[in-house]
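Q: Before I ask anything, here is the structure I am working with.
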Amino acid sequence: MGCGNSKTVNRKKITILHVMEMSGNSHGCMLLVRTGKLEVKIKNVDLMKGEHKTEEFLKINPYHIVPTLSQGEDSLWESNAVMRYLCTNYEAVKKYYPTEDTKKFAKINQMLDYRQTVLYPKVTRAGYPLLGFSSLAHTEEVMKAAADEIERFGKLYLADGKFVGGFQEPTIADISIITILSYIEGKKDYKYPKAVQEWIERFNKAFPEYMEVKKSFVGYLEGVVWPKQTTEKKE
169 MGCGNSKTVN
179 RKKITILHVM
189 EMSGNSHGCM
199 LLVRTGKLEV
209 KIKNVDLMKG
219 EHKTEEFLKI
229 NPYHIVPTLS
239 QGEDSLWESN
249 AVMRYLCTNY
259 EAVKKYYPTE
269 DTKKFAKINQ
279 MLDYRQTVLY
289 PKVTRAGYPL
299 LGFSSLAHTE
309 EVMKAAADEI
319 ERFGKLYLAD
329 GKFVGGFQEP
339 TIADISIITI
349 LSYIEGKKDY
359 KYPKAVQEWI
369 ERFNKAFPEY
379 MEVKKSFVGY
389 LEGVVWPKQT
399 TEKKE
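In our numbering, the protein residues as written are 169 to 403.
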């Protein structure tokens, strides 16, 4: 892509991050843009109105998913790929994906792969039905599978340091994982394991912009998802 930092960016073209503001999948990329004050325009795509399936958007991304990063005719999608790109092309967020430290670099990539192949499927399988993002049933079995994996994540990956993988400073592995864990919050009475909750608190201190990024999602939980669960319990 032609997107990049002040040394490489083509200033004749606007870099746009297409997102769904309510989606955890978009929140990591949005957080990097806001934390680094990057010269990237954030544009909301309303999936509920089908804006991701318009002819205009399909030209940018034929898979019609967000987040998608575009500049002119160039585009890039998949949240982890977009975050990797931003960190390797914008100096302000480079520290969150330090390619010069090969051991740390490999560990971060391991965490990103774990997020995508192990944690994400379990969390979304349990959370999406609660959020109205899936027609599949939410069952105690899928909730237990997600909760067990989150607990395992805390024991294995948060044991030796402040952040994911035992690092003293956050990386895009933390950003990528924390933003999709929010889907489990669709279950109003769910409580994170102690190690995970303490990590979340450290993350929020490191990234005060995150709660603003997450605001639309929290509003959806409080205004739509959780009241429905309260009503169902009464019935």
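Even glycine gets a Cβ: it sits at the ideal position worked out from N, Cα and C.
Would you give the residue range spanned by the beta strand (DSSP E) that K243 belongs to?
A: The residue labelled residue 243 in the question sits at position 75 within the sequence shown. The identity of residue 243 in the sequence shown is Ser, whereas the question assumes Lys. Its beta strand (DSSP E) spans residues 242-245.
Q: For V187, list the residues DSSP reports as bridge partners.
A: The residue you call residue 187 lines up with position 19 of the sequence shown. V187 is bridged to N212.
Q: Of the residues N229, G354, E223, which one's Cα is nearest the Cα of Q397?
A: Mapped onto the sequence shown, residue 397 falls at position 229. Among N229, G354, E223, the Cα nearest to that of Q397 belongs to G354.
Q: Less than 6 Å between C-beta atoms, sequence neighbours within five positions excluded: which residues of the same chain meet that for E337?
A: By 1-based counting over the sequence shown, the position of residue 337 is 169. Closer than 6 Å at the Cβ level, and outside the excluded window around E337, lies no residue.
Q: Could you tell me which residues DSSP puts in a beta bridge with L237?
A: Start at 1 with the first residue of the sequence shown, and residue 237 comes out as number 69. L237 pairs with L185, L244.
Q: If you draw a straight line from the C-alpha of V221 to the C-alpha of H232, how long is it?
A: Walking along the sequence shown from the start, residue 221 turns up at place 53. Walking along the sequence shown from the start, residue 232 turns up at place 64. It should be pointed out that residue 221 corresponds to Lys in this sequence rather than to Val. For K221 and H232, the distance between alpha carbons rounds to 6 Å.
Q: In the DSSP assignment, what are the bridge partners of F301?
A: Within the sequence shown, the letter at position 133 stands for residue 301. Answer by DSSP bridge pairing: none, since F301 is not bridged.
Q: Please classify V291: is it buried, with 16 or more other beta-carbons within 10 angstroms of its beta-carbon, or exposed?
A: Taking the sequence shown and counting its residues from 1, one reaches residue 291 at position 123. Buried, since its Cβ has 16 or more Cβ neighbours within 10 Å.
Q: Hey, R283 and I348: beta-carbon distance below 8 Å or not?
A: To locate residue 283, count along the sequence shown from 1; it is residue 115. To locate residue 348, count along the sequence shown from 1; it is residue 180. It is a contact, given that the beta carbons lie within the stated cut-off.
Q: Let's test the definition: count the other Cβ atoms within 10 Å of the Cβ of L254 and tell me whether it reaches 16, buried, or not, exposed.
A: For the purposes of this step, residue 254 is taken as the residue at position 86 of the sequence shown. Per the 10 Å Cβ criterion, buried.
Q: Could you tell me the distance, in whole angstroms, from the CA atom of P395 to the CA atom of K271?
A: Against the sequence shown, residue 395 aligns to sequence position 227. Against the sequence shown, residue 271 aligns to sequence position 103. Cα to Cα, the separation comes out at about 46 Å.
Q: Grouping DSSP H, G and I as helix and E and B as strand, with all else coil, what is F375?
A: The residue given as residue 375 occupies position 207 in the sequence shown. Of the three classes helix, strand and coil, the one that applies to F375 here is coil, per DSSP.
Q: Which partner residues of F335 appear in the DSSP bridge assignment?
A: The count along the sequence shown starts at 1 and reaches residue 335 at position 167. DSSP, once it has assigned bridges, lists F331 as partnering F335.
Q: Closest by CA to L185, which one among K217, E317, P230, W245?
A: Here residue 185 refers to the residue found at position 17 when the sequence shown is read from its first residue. Among K217, E317, P230, W245, the Cα nearest to that of L185 is on W245.
Q: Look up P361 in the DSSP assignment and say whether it is helix, strand or coil.
A: Indexing the sequence shown from 1 puts residue 361 at position 193. Coil, per DSSP.
Q: Could you check if M188 is buried or exposed, using at least 16 other CB atoms within 10 Å of its CB as the buried criterion?
A: Position 20 of the sequence shown, counted from the start, is the residue given in the question as residue 188. Buried is the call here.
Q: To the nearest angstrom, report how far apart V261 and L200 are at their CA atoms.
A: As a position in the sequence shown, residue 261 is number 93, starting the count at 1. As a position in the sequence shown, residue 200 is number 32, starting the count at 1. Straight-line Cα distance between these residues: approximately 7 Å.
Q: Using CA coordinates, which residue listed in S191, N257, L206, Y264 is at the minimum distance from F335?
A: As a position in the sequence shown, residue 335 is number 167, starting the count at 1. Closest by alpha carbon: Y264.
Q: For F331 and L287, which I take to be in contact (beta-carbon distance under 8 Å), what is that distance rounded to the nearest angstrom?
A: As a working note, residue 331 is residue 163 in the sequence shown. As a working note, residue 287 is residue 119 in the sequence shown. Not a contact, Cβ separation roughly 16 Å.
Q: Could you name the residues of the same chain whose beta carbon sits closer than 6 Å to that of V208, not counting the 5 residues immediately before and after it, in chain order?
A: As a working mapping, residue 208 is identified with position 40 in the sequence shown. Here the set comprises T183, L185, V201.
Q: Go ahead and label Q365 buried or exposed: buried means 16 or more other beta carbons lie within 10 angstroms of its beta carbon, across all protein chains shown.
A: Position 197 of the sequence shown, counted from the first residue, corresponds to residue 365. Looking at its Cβ environment, which holds fewer than 16 other Cβ atoms inside 10 Å, Q365 is exposed.
Q: Looking at the secondary structure, which residues open and close the alpha helix (DSSP H) in which I346 lies?
A: For the purposes of this step, residue 346 is identified with residue 178 of the sequence shown, where counting begins at 1. I346 -> alpha helix (DSSP H) spans 340-349.
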